[in-house]
Structures are given as C-alpha cells and as structure tokens.
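Participant:
Protein chains: 2
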Amino acid sequence: MTRVNHQVRLAARPVGLPKESDWDYVEEPAPEPEDGQFLVELEYLSLDPAMRAWLNPGRSYVPPVEIGEVMRAGGIARVVESRHPDYAVGERVNGAFGVQRYAVSDGGGVVRVDTSVAEAPVHLGTLGISGLTAYFGLLDVGRPEPGQTVVVSAAAGSVGNVVGQIARIKGCRAVGIAGGEEKCRWLTDELGFDAAVDYKAGDARAQLREAAPDRIDVFFDNVGGEILEAGLSRLARGARVVISGAVSQYNATEPPPGPRNYMNLLVMRATMTGFVIFDYADRYREAATEIAGWLRSGELRSREHVVQGDIAQFPEVLLSLFRGENTGKLVLAL
Amino acid sequence: MTRVNHQVRLAARPVGLPKESDWDYVEEPAPEPEDGQFLVELEYLSLDPAMRAWLNPGRSYVPPVEIGEVMRAGGIARVVESRHPDYAVGERVNGAFGVQRYAVSDGGGVVRVDTSVAEAPVHLGTLGISGLTAYFGLLDVGRPEPGQTVVVSAAAGSVGNVVGQIARIKGCRAVGIAGGEEKCRWLTDELGFDAAVDYKAGDARAQLREAAPDRIDVFFDNVGGEILEAGLSRLARGARVVISGAVSQYNATEPPPGPRNYMNLLVMRATMTGFVIFDYADRYREAATEIAGWLRSGELRSREHVVQGDIAQFPEVLLSLFRGENTGKLVLAL
C-alpha cells in the first residue's frame with residue numbers, strides 16, 4: 129500500500145498579512161520509517177498566532193521556516209507504522225509534525241496523548257503549548273498574589289482564556305480584553321472572569337479603568353500596540369507586564385511604534401518581561417498535571433474552535449485566526 | 129539685617145523645550161526660621177534632566193512643580209540662622225531647598241555634608257542622588273555579574289559615568305554611549321570604560337556591535353528613543369534593561385514612539401524595569417559609604433561641571449543641560 133502524503137510547504141515569505149498563495153499544496157508518497165522511527169498520520173493541527181512570526185527571515189526564538197520547507201505546526205497524530213521500540217501502532221502522540229498528512233519521527237519532542245483526561249484537541253490547547261504558556265507566563269513571570277488584579281489581552285484566545293481562569297483559581301481579580309460582545313460574555317458568564325473589556329466597543333482605556341478599579345498588578349499581553357499602551361497606562365505600583373506575544377503586530381509591514389508610554393514602567397516601578405515557553409520544557413509535566421486536575425474538577429474549562437477540513441485548507445484557516453474569528457483554541461481536524 | 133531672597137519661580141508650563149521666560153526671577157525678604165527650623169544660604173544648585181519632567185502637569189513619581197511655586201532643586205547650603213537643636217550656624221547641609229538664595233527647613237530630608245570626604249559639589253553628584261541612582265539602578269535592578277557587559281547611555285552625564293565606573297569596579301565590561309569624541313575619550317581614557325560609542329559619529333548600532341561583541345547583559349538607559357532601540361537590538365539572553373530616564377523625550381511635544389523592537393524582550397527572555405531612586409532612601413547611607421570608599425581609593429573618579437553664577441541664571445544653565453554641554457554633574461555655584 130502506498131500512502132499519499134498531503135503537504136503544505138512555504139512558497140514565499142509573506143509581506144504583511146499572508147495570502148493563500150504564500151504556501152504550496154503538494155502531494156507526494158509518504159515517507160517510510162527507518163529503524164528507530166515511526167510513521168504517524170495526522171488527525172488534528174494546531175493553529176497559532178506565532179506561526180506568522182516563523183515566516184519572517186532572521187533571528188528569533190526559533191529559526192524561520194525556510195522556503196520550500198513543510199510548514200511548521202504542532203499536531204495530534206496516530207502511529208500507523210513503527211520501527212521504534214517505544215511506540216506501537218495505534219498510539220496517539222503530540223508533536224511538531226508539520227502541516228502534512230504523514231510524518232516520520234524518532235520520538236524527539238513527542239509526548240503521548242491520554243484521551244481519558246480530555247479529548248485530543250484539548251491536548252493542543254489547554255493541555256498543550258497554549259495552556260503551558262498561560263501557566264508559566266502567569267505564575268512564573270507574572271507572579272500574581274491573591275487579591276491582585278490580572279488583566280490579559282486576546283483573552284478569548286487559546287492562551288488568554290487560560291490565563292484568566294488560572295488567575296481566578298489563584299484568587300485574583302481576572303479581567304479579559306477581547307473583541308466583541310460574544311467573546312466578552314463567554315469570559316464573564318462561562319469562564320468566571322470578573323470583568324471583560326470589549327476593545328471593539330469604543331474607549332478601551334475607559335472600560336479598563338472601570339474593570340480594574342485598583343489598577344493592574346499583572347498585565348499579560350498577547351497583542352501589543354494600543355492594547356499594550358492601555359495596559360501600561362493603568363499599572364499599579366510594582367506591576368509585572370508579561371510579554372507573551374504581539375498578535376496586532378505580526379502582520380505589519382513596517383515595525384509598528386512601540387509603547388509610547390513605556391516610561392510608566394519607571395513611574396510605577398514596574399517590570400516588563402518577555403518569555404518563551406520552550407525554556408520551561410523540563411517542567412511541562414508538572415504544569416500539565418495541575419491543569420488536568422483543574423479540568424477534571426471543573427475549575428477550568430477548555431474550549432476548542434475545531435474546523436473540519438483537509439491539509440490544503442491550512443492557509444485559509446490560519447487567516448481566520450488573524451481575523452479573530454476563533455474563540456478558544458483554533459484546531460484543524462483532518 | 130534684612131536678607132534679600134533671590135528666587136526662580138515657575139511662570140508657565142513649558143511646551144517642548146523650556147524657554148527662559150517659563151520662569152520668573154523674584155526678589156523678596158528672606159524668611160525667618162521659627163522654633164524647630166533653621167535658615168540656610170544656598171551655595172550650590174544641582175541641575176538635573178528630571179527637572180524637565182517635574183514641569184509637566186499630571187501624575188508622575190513626584191507631584192509637578194506648580195505655577196508660581198519656587199522651582200524644585202537639590203542644593204548644598206550653609207546654615208546661617210538656627211532655632212533647631214540639631215543644626216548649628218556654619219554647618220553645611222544637602223537638601224531640596226529649591227532654586228533660591230535662602231530657604232527655611234525643619235531638617236526633613238536634609239543630610240549633613242562632610243567636605244573632608246569630597247568637595248561640596250561632589251555631594252550633589254557622585255555622592256548625591258546621581259551616584260545613588262547609578263549605584264542602586266545598576267547593582268539592585270541591573271544585577272550585573274563579573275564578566276558581563278554593561279552598556280550605559282548618557283554615559284558622560286552625572287549618573288551614566290558612575291554606572292560605567294561601578295560596572296568596571298565589579299569586573300564587568302563597561303561600555304558608554306555619549307555624544308562627541310571628547311566625552312567618549314574621557315570615558316575610556318580617564319574613567320576606564322572598556323569602550324565608548326559616539327552616537328554623533330554615525331551608525332550607533334554598528335558601533336555598539338563592535339563595542340559589545342558578546343552582546344549586552346545590562347542596558348542602563350537614561351535616554352530613550354533610538355538609543356534605547358539600539359540597546360534592545362543587541363541584548364544577550366536574559367538581559368536586564370534598567371529604565372532610569374529618557375532625556376531624549378523630556379522636551380517632546382508629542383509622546384515620541386516607544387521602542388519599536390520591544391519584542392526583543394521576548395526573543396531574548398529579557399526584562400525591562402523602571403525604578404525611582406527615592407524608594408531606596410533607607411539604604412542611601414550604605415551606598416554613599418561604599419561610593420566614598422571608592423573615591424578615596426581612587427577606583428572611582430568624580431567630575432563636576434561647575435558654572436559660576438547667580439540664582440537668576442538657573443534657566444539658561446538648565447537649558448545647557450538639554451544641549452548636552454556638560455560632562456559630569458552640572459552644578460550652579462552661587
């Protein structure tokens with residue numbers, strides 16, 4: 129039996145917002161695993177804002193995806209052939225297999241997926257890199273104390289919603305900034321955020337004043353631009369600003385202006401710190417165990433925005449992410 | 129005997145670069161000390177970039193100087209009348225007496241000046257708030273380790289030159305950014321900086337690459353704007369950016385763009401922290417003792433840029449500060 133691999137490869141470095149033509153759809157025979165390798169068939173692909181940054185040339189926290197290379201992506205897959213002693217056919221695994229139907233792996237960076245804890249797509253979001261980013265960014269970098277105010281931007285996204293929920297679990301006032309009434313209602317009514325700011329409904333700073341009357345102790349930023357400035361304008365003394373992403377900037381053709389009011393860091397004796405989740409790899413298990421416990425107890429809810437489709441649809445689904453169309457983790461189910 | 133007080137009072141809130149007419153020169157009878165007070169005659173006035181920020185309305189780390197109020201300034205003065213049990217006529221004291229010839233004080237915020245350690249103007253600079261700012265900003269906020277690279281902007285200023293010298297004393301590579309060949313030569317040839325970047329001599333980023341080949345572990349910023357961006361572009365993994373001031377921005381009429389490349393904080397897992405020296409008041413003595421020791425041993429040199437004049441000249445001397453005309457601490461000797 130010859131398996132046909134479906135792949136999405138980078139065709140051109142996008143300028144500004146990517147176009148579907150920046151990727152090529154390719155079919156070719158699936159690879160054969162060698163000794164010590166196994167072959168997986170992808171079931172779910174993770175779609176992440178950070179993907180945009182991986183398309184830019186030059187140094188970042190990971191090397192860029194090269195032209196002609198299979199697009200980088202995390203995914204959940206099933207082992208369909210194995211010449212590896214530790215992986216059996218039928219097992220489900222999570223790894224950076226790329227945007228393709230089949231991939232070979234030697235097990236490096238791969239973790240088994242336990243679907244008795246939660247369904248597979250949850251392992252890409254709340255139990256995956258998104259949830260881990262929320263966990264370490266909030267607790268290790270932000271270091272909130274009970275009673276403090278935590279504000280998170282892109283709060284209806286896969287990282288942001290978990291940040292707010294963990295803040296609530298830790299006894300903080302949780303405030304989310306999101307675009308649109310529906311997302312905001314989800315945050316407050318279903319996830320237990322104390323307040324939400326709808327930046328599409330006008331003056332975000334005025335809304336933030338009302339939502340964070342005691343100012344902001346931890347500002348967890350996924351957005352950058354004016355939202356970051358709004359957060360900086362409302363810092364409490366000794367605040368921690370956690371830089372997790374800057375989705376408003378990823379598609380800019382010129383470097384957008386930085387935060388004009390960064391000197392509030394001085395006025396408020398505050399700290400702005402960037403972090404990269406991969407640095408916490410040796411503590412993933414500890415965090416995932418705690419998150420799984422919160423999921424089981426119902427203290428934390430997970431939501432996935434699952435789009436059914438095939439590999440070739442990857443570009444259009446990714447573009448929907450930049451239009452903010454997802455609530456919760458965006459996943460392409462193959 | 130009636131003493132005549134000479135005063136400089138704020139006349140108008142400057143827009144952009146201050147004009148001399150933003151202050152009024154006033155003469156009036158000197159005040160009389162009441163019980164528990166003493167009268168001082170000012171001998172030296174401290175001129176500081178932060179003065180510009182005190183002229184703006186609105187909340188900052190100190191309240192603004194009000195229209196009609198005597199301009200705020202630190203100074204060295206001699207006690208000329210005393211009804212205070214702890215202060216005798218003839219003693220020299222350091223305090224925020226304002227831009228005036230005579231002031232009364234109850235001793236709050238006042239420290240005695242020991243001119244056997246160093247001449248009076250040094251107590252406004254290297255042994256005063258400038259040196260303390262350098263000390264705590266570098267050692268407590270920046271936390272450099274021996275062998276690391278410390279880069280400081282406005283390095284020929286009263287804070288910056290001490291930052292670089294303490295970095296050198298602590299076994300770091302000390303790099304200063306300053307304007308002009310003469311200032312840069314002073315840093316390397318007289319103060320022992322390992323390298324200097326002359327931002328007026330063209331491509332500061334290229335010079336910085338050469339001056340900091342192992343990248344920057346601590347960037348101590350007094351300037352903001354493009355200089356801060358140059359520093360952010362060259363951070364080492366885990367770097368600390370210390371925000372001490374933003375002299376390039378104080379006279380801007382619009383908030384200047386923030387650092388466009390602040391996301392390098394994420395890429396390099398770096399931290400940007402603002403601080404205000406007044407928070408360290410209970411540790412001033414400890415720091416001043418250590419700085420005085422370095423002065424005595426010759427490990428640290430102090431330079432003051434002393435302008436002779438009278439109270440009425442305060443505005444023009446302050447403006448020379450914003451033109452970068454001083455090397456070391458700018459002091460008006462009355």
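As they're listed, the protein sequences go chains A and B. Residue 129 is where the first sequence starts when you use the working numbering, and the numbers rise one by one after that. Residue 129 is where the second sequence starts when you use the working numbering, and the numbers rise one by one after that. C-beta atoms are modelled at their ideal positions from N, C-alpha and C, and glycine is treated no differently. Keep in mind the model is a prediction, meaning the values are calculated, not measured.
The beta strand (DSSP E) with TYR153/B in it runs from where to where?
Facilitator: Taken as a continuous stretch (DSSP letters only), the beta strand (DSSP E) holding TYR153/B covers 151–157.
Participant: May I have the straight-line CA-CA distance separating ARG206/B from GLU219/B, to the nearest angstrom?
Facilitator: C-alpha separation (whole angstroms): 6 angstroms.
Participant: Please state if the CB of ASN379/B and the CB of PHE442/B are separated by a distance shorter than 8 angstroms.
Facilitator: Their beta carbons are not under 8 angstroms apart, which means PHE442/B does not touch ASN379/B by this criterion.
Participant: Please report the straight-line C-alpha distance between VAL303/A and LEU145/A, rounded to a whole angstrom.
Facilitator: Taking the straight line joining both Cα atoms gives about 29 angstroms.
Participant: Based on the DSSP secondary-structure assignment, which residues constitute the bridge partners of ARG368/A?
Facilitator: The partner list for ARG368/A (beta bridge, DSSP) reads VAL346/A, THR399/A.
Participant: Shorter than 8 angstroms from the beta carbon of ALA172/B to some beta carbon of chain A?
Facilitator: The residue you asked about is not Ala; residue 172/B is Tyr in the sequence shown. No, TYR172/B lies away from the interface with chain A (no Cβ there is under 8 angstroms from its Cβ).
Participant: Step through the CB atoms of chain A and report whether any lies within less than 8 angstroms of the CB of LEU394/B.
Facilitator: Yes, its Cβ sits closer than 8 angstroms to a Cβ of chain A.
Participant: Give the single residue among VAL290/B, GLU209/B, GLU162/B, GLY223/B whose Cα lies nearest to the Cα of GLY427/B.
Facilitator: First, the amino acid is wrong: residue 427/B is Glu here, not Gly. Among VAL290/B, GLU209/B, GLU162/B, GLY223/B, the Cα nearest to that of GLU427/B belongs to VAL290/B.
Participant: Under 8 angstroms, Cβ to Cβ, is there at least one residue of chain A near MET391/B?
Facilitator: With 8 angstroms as the cut-off, MET391/B counts as an interface residue toward chain A.
Participant: Counting Cβ pairs, one atom from each stretch, are 3 or more of them under 8 angstroms apart for the stretch 396–405 of chain B and the stretch 391–400 of chain A?
Facilitator: Flag = yes, the stretch 396–405 of chain B and the stretch 391–400 of chain A touch.
Participant: Report the neighbours of TYR189/B on chain C: residues whose CB is nearer than 9 angstroms to its CB, in chain order.
Facilitator: Absence of chain C from the displayed structure is noted, the protein chains being A and B.
Participant: Could you name the residues of chain A that ARG523/B contacts, counting a contact when the two beta carbons are closer than 8 angstroms?
Facilitator: Only positions 129 to 462 of chain B appear in this structure, which leaves residue 523/B out of reach.
Participant: Spatial neighbours of SER149/B within its chain, please: CB distance less than 6 angstroms, with the 5 preceding and 5 following residues excluded, ordered by chain position.
Facilitator: So no residue of the chain qualifies.
Participant: Is it the case that the Cβ atoms of GLU169/A and VAL217/A are separated by a distance below 8 angstroms?
Facilitator: Cβ atoms of GLU169/A and VAL217/A: not closer than 8 angstroms.
Participant: If you measure beta-carbon to beta-carbon, which residues of the stretch 349–377 of chain B are closer than 7 angstroms to chain A?
Facilitator: So the close ones are ILE371, ALA374.
Participant: Return helix, strand or coil for ASN133/B, following the three-state DSSP convention.
Facilitator: Strand at ASN133/B.
Participant: Roughly how many angstroms separate the alpha carbons of ALA334/B and SER372/A, rounded to a whole number?
Facilitator: Distance between the alpha carbons of ALA334/B and SER372/A: 29 angstroms.
Participant: Against ASP407/A, what residues of chain B qualify as contacts under a CB-to-CB distance less than 9 angstroms, listed in chain order?
Facilitator: In chain order: ARG397.
Participant: For GLY236/A and VAL369/A, I'd like the C-alpha separation in whole angstroms.
Facilitator: The straight-line gap from Cα to Cα measures roughly 33 angstroms.
Participant: Can you give me the Cβ contacts of VAL132/B inside the same chain, cut-off strictly under 7 angstroms, excluding the 5 residues immediately before and after it?
Facilitator: Taken in chain order, the residues that qualify are GLU155, PRO157, ALA158.
Participant: What three-state label does DSSP hand TYR327/A in the structure shown?
Facilitator: Note: TYR327/A maps to helix in three-state DSSP.
Participant: At a CB-CB cut-off below 8 angstroms, which residues of chain B make contact with VAL404/A?
Facilitator: In chain order: LEU394, VAL395, ARG397.
Participant: Got a sec: is the Cβ-Cβ distance from MET400/A to anything in chain B below 8 angstroms?
Facilitator: So, interface residue.
Participant: Less than 8 angstroms between the beta carbons of VAL279/B and PHE347/B, yes or no?
Facilitator: Closer than 8 angstroms, so yes.
Participant: Which full runs of the beta strand (DSSP E) of 3+ residues lie inside the stretch 252–284 of chain A, going along the chain?
Facilitator: The qualifying runs are 277–281.
Participant: Does DSSP put THR436/A in a helix, a strand or coil?
Facilitator: Looking at the sequence shown, residue 436/A is not Thr but Gln. If DSSP states are grouped into helix, strand and coil, GLN436/A belongs with the strands.
Participant: Going along the chain, which residues of its own chain have a beta-carbon closer than 7 angstroms to the beta-carbon of PRO177/A, five neighbours each way excluded?
Facilitator: For PRO177/A, where only same-chain residues beyond five positions count, the Cβ hits under 7 angstroms are GLY373, VAL375, TYR378, LEU449.
Participant: Taking DSSP as the reference, what is the three-state secondary structure of LYS311/B?
Facilitator: LYS311/B falls in the helix class under three-state DSSP.
Participant: Please classify SER425/A as buried or exposed, where buried requires at least 16 other C-beta atoms within 10 Å of its C-beta.
Facilitator: SER425/A is exposed by the Cβ-count criterion.
Participant: DSSP on VAL241/B, reduced to helix/strand/coil?
Facilitator: Residue state, collapsed to three classes: coil.
Participant: Among THR316/B, TYR153/B, GLY265/B, ALA246/B, which has the Cα closest to the Cα of ASN350/B?
Facilitator: Looking at the Cα atoms, GLY265/B is the closest of the given residues.
Participant: Taking ALA262/B and ILE294/B to be in contact with their CB atoms under 8 angstroms, please state how far apart those CB atoms are, rounded to whole angstroms.
Facilitator: Confirmed, about 6 angstroms.
Participant: For LEU360/A versus TYR390/A, is the C-beta spacing smaller than 8 angstroms?
Facilitator: Yes.
Participant: Under 8 angstroms by Cβ, that's how I've got ARG388/B and PRO274/A pegged, so tell me the actual separation to the nearest angstrom.
Facilitator: Incorrect: roughly 37 angstroms between the Cβ atoms, too far for contact.
Participant: Thinking C-beta only, is ALA201/A closer than 8 angstroms to GLY98/A?
Facilitator: Residue 98/A is absent from the model: chain A starts at 129 and stops at 462.
Participant: Just curious, the alpha helix (DSSP H) that PHE442/A is in, first and last residue?
Facilitator: 442–450 is the span of the alpha helix (DSSP H), which, as asked, contains PHE442/A.
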